[in-house]
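The next block holds one structure in the form of structure tokens; read it before the comments.
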Amino acid sequence: MFLRALTVFLLSLACLSAQTVVALDGYHNNESKMPDHYQWDGTRMGGFSEFGKLLRANGADELRTLRHKIDSASLEGVRMLIIVDPDTPSETTDPKYIEDSEIDAIAAWVKQGGRLVLLGNDKGNAEFEHLNRLAARFGIEFVEATYPKVVGKGILIASGKHPIFGEGLSVYLVEVAPLKLTGSVEPVLVDQGTNIMALARSGKGLVFALGDPWVYNEYIDRKDNRQVAVKLVRLLLKP
294 MFLRALTVFL LSLACLSAQT VVALDGYHNN ESKMPDHYQW DGTRMGGFSE
344 FGKLLRANGA DELRTLRHKI DSASLEGVRM LIIVDPDTPS ETTDPKYIED
394 SEIDAIAAWV KQGGRLVLLG NDKGNAEFEH LNRLAARFGI EFVEATYPKV
444 VGKGILIASG KHPIFGEGLS VYLVEVAPLK LTGSVEPVLV DQGTNIMALA
494 RSGKGLVFAL GDPWVYNEYI DRKDNRQVAV KLVRLLLKP
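First residue of the sequence shown? That's 294 in our numbering, and the numbers climb one at a time after it.
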């Protein structure tokens, strides 16, 4: 009986360790004026409820929200970390900026195999300085600008050659912060010479960057956003 119970216990531990956890940064994005903005439980247009369903359907066993400073303990057991649209003073009364100690912890976690997703926003709608301190660790910089630059809402419909675009899939993006890339960072989507999406490798891990939160409820079903997101998630979550 003891051996049987021990076997069941060890199998349970193995199953727990095999859980695929996706964590959302709810500390640096915690908008007091729009509390459900880019949050798992946000069912309105600006929420991530549909993105959460997509993740669960494509390999995520648990969706988690980090509500405190990010450190090695909070990243333990996490397969993917999503940092989206860090707060500015216009969005919350007490914005929390990404600190150097957090950057060190995240960079070490990525090297060990973590998958980091950085989703910024365009000029005036996201915090750039501290987000870029993190992105720079991987050869990426979010340019504080808005692309495409047009009168009215700047909508970008584009397709890339990377496998996440399948056979001619295209994404629908709105007012994007373009990217500046250095080193061996792979451009995933380029529009008229402007880097829009990028993928960096660090140790055993991957970093995906895009200057637009693009998979929130309002836009996840525009053009082929959902299909591209599925391919991206499967790429990032695969062993």
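All residues carry an ideal CB built from backbone N, CA and C; glycine is no exception. These figures come from a predicted structure and were not determined experimentally.
Whole angstroms is fine: what's the gap from residue i's alpha carbon to residue j's?
i: residue 328; j: residue 420; result: 17 Å
i: residue 529; j: residue 444; result: 36 Å
i: residue 363; j: residue 415; result: 24 Å
i: residue 418; j: residue 381; result: 7 Å
i: residue 404; j: residue 498; result: 5 Å
i: residue 456; j: residue 409; result: 19 Å
i: residue 482; j: residue 389; result: 30 Å
i: residue 526; j: residue 374; result: 12 Å
i: residue 468; j: residue 441; result: 6 Å
i: residue 446; j: residue 311; result: 43 Å
i: residue 470; j: residue 425; result: 12 Å
i: residue 486; j: residue 473; result: 11 Å
i: residue 475; j: residue 430; result: 11 Å
Can you give me the Cβ contacts of residue i inside the same chain, cut-off strictly under 7 Å, excluding the 5 residues immediately before and after it?
i: residue 345; result: 333 and 356
i: residue 515; result: 465
i: residue 398; result: 363, 364, 365 and 368
Using DSSP bridges, identify the partner residues of residue i.
i: residue 490; result: 482 and 503
i: residue 434; result: 473
i: residue 318; result: 359
For residue i, which residues of its own chain have a beta-carbon under 6 Å away from its beta-carbon, when the five flanking residues on both sides are left out?
i: residue 330; result: 324 and 339
i: residue 304; result: Its pLDDT being 41, under 50, residue 304 is placed unreliably in this model, and the coordinates cannot settle the point.
i: residue 492; result: 479, 481 and 501
i: residue 353; result: 313 and 315
In or out: residue i buried (at least 16 other Cβ within 10 Å) or exposed?
i: residue 372; result: buried
i: residue 321; result: buried
i: residue 439; result: buried
i: residue 376; result: buried
i: residue 393; result: exposed
Note down, in chain order, each residue of its chain lying with its Cβ closer than 8 Å to the Cβ of residue i, except the 5 sequence neighbours on either side.
i: residue 337; result: 329 and 510
i: residue 351; result: 523, 526, 527 and 530
Give me the Cβ distance between residue i and residue j, rounded to the nearest whole Å; I'm assuming they're in contact under 8 Å.
i: residue 458; j: residue 521; result: 6 Å
i: residue 517; j: residue 462; result: 4 Å
i: residue 513; j: residue 503; result: The Cβ separation is near 14 Å, so there is no contact.
i: residue 413; j: residue 387; result: Contact doesn't hold; Cβ gap of about 21 Å is too wide.
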